[in-house]
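Numbering (this note's numbering), first residue to last: 6 to 433. Glycine included, every Cβ here is placed at the ideal spot set by N, Cα and C. Since this is a predicted model, take the numbers as computed values, not measurements.
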């Protein structure tokens, strides 16, 4: 057994905790849970803090329960929201749950017995519960005054969109989740983000009022970026854990491009490195910030655990290909889908295969057949300055001729202007 609370504390994750929680955990193996509502067919990096919380909980010798909200996912939690979520059908929820189960299994040990993780679905205990049973066994124990006092409820009531009765009931439903797991699985602790404090405490209050029981709560800090933008969001949207929605390369790049200020926080939260290992990396990083030692350590660690070592290797080779001295042999191993992912956002131009078969000189190819350069004069000037490469080779003359022999994967030509400006020519 290790001290779970102290682990969260030094990593900068701990926000709030009910009195007696740390002492209870230090008595021996304790069961606790975190809920994940299925709002999409994949988890995203906004869920990673809670996934890491469960990992640390299990590593400390405790038994983690991952509750997937087959029932609550059909309602919607108003906490931290300004508008009501779209309600999903049962079929879509089931699809979402399947994706969540696959992803959580990558992070937690679900072996039976001992402190092996357990996945539960609240649809299992809500599916056959009717309204009258719910208001009798749950609703009678929690007053409207108590529910109205919650910050999540107050904010929505004061906002323009208001709060539906469906969402208002959410804290009772989540509270009953805690009661059910406390009663049937001996789950004594619920964990979650700091925006869940009100819902979690409703659960401890229901346990106290309904069965005179005692339960505990821990919340973690919400992750924010130093520049004020939302964590887990990029210009192209959310960063997903599913490689089909966010490629391992883009996932790796998200962490690699983090600021120094963010990385010093995130490497504590999103890796399993020890305090001593992190402090040693920080010394190395501060001595040569341009090497981005901390970012590389963070990106490598989390990419391996989310995807695999092979996915990390491909991500690194892709980065080397684009920004370093990567080989054309690596490009030949990529599928059309992977090429599309790598060059998403890069200017792309179609080129006629028939014309290319006849041969096209560099100036015509780059200034007339495509718009890589605005004029042949600009092509000449940049080539003379050593600033144009085609398929990783410097072009020395604007009269150099290109044909289908220069195609990569029998379809592409990669043009590079300067060090970082890429263009993809797609032969059709």
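Residue i, DSSP secondary structure in three states
i	result
residue 253	helix
residue 353	strand
residue 55	helix
residue 36	strand
residue 371	helix
residue 124	strand
residue 66	coil
residue 190	helix
residue 333	helix
residue 86	Only weak support is given to the placement of residue 86: the predicted model assigns it a pLDDT of 47, under 50, and the question is left unresolved by the model.
Identity of the residue in the options nearest residue i by Cα
i	options	result
residue 144	175, 157 and 413	175
residue 154	198, 207 and 118	207
residue 123	131, 350, 133 and 109	109
residue 304	272, 285 and 287	272
residue 197	334, 183 and 188	183
residue 363	384, 327, 410 and 386	410
residue 47	250, 186, 111 and 188	250
residue 330	294, 388, 382 and 425	425
residue 121	129, 149, 64 and 128	64
residue 434	126, 49 and 335	Because the chain spans 6 through 433 in this model, residue 434 falls outside it and cannot be assessed.
residue 247	216, 119 and 313	313
Beta-carbon proximity check, residue i vs residue j, cutoff 8 Å
i	j	result
residue 370	residue 408	no
residue 67	residue 94	no
residue 278	residue 306	yes
residue 139	residue 76	no
residue 348	residue 427	yes
residue 433	residue 355	yes
residue 429	residue 333	no
residue 256	residue 344	no
residue 261	residue 300	yes
residue 264	residue 316	no
Buried or exposed by the 16-neighbour rule on C-beta atoms within 10 Å, applied to residue i
i	result
residue 1	This structure does not reach residue 1, given that the chain is present from 6 up to 433, and the question cannot be answered.
residue 296	exposed
residue 74	buried
residue 42	buried
residue 137	exposed
residue 187	buried
residue 379	exposed
residue 157	buried
residue 172	buried
residue 294	exposed
Supposed close pair residue i, residue j - CB separation, criterion 8 Å
i	j	result
residue 147	residue 211	6 Å
residue 308	residue 320	6 Å
residue 225	residue 20	6 Å
residue 39	residue 112	Not confirmed; about 12 Å, so no contact.
residue 401	residue 388	7 Å
residue 194	residue 26	7 Å
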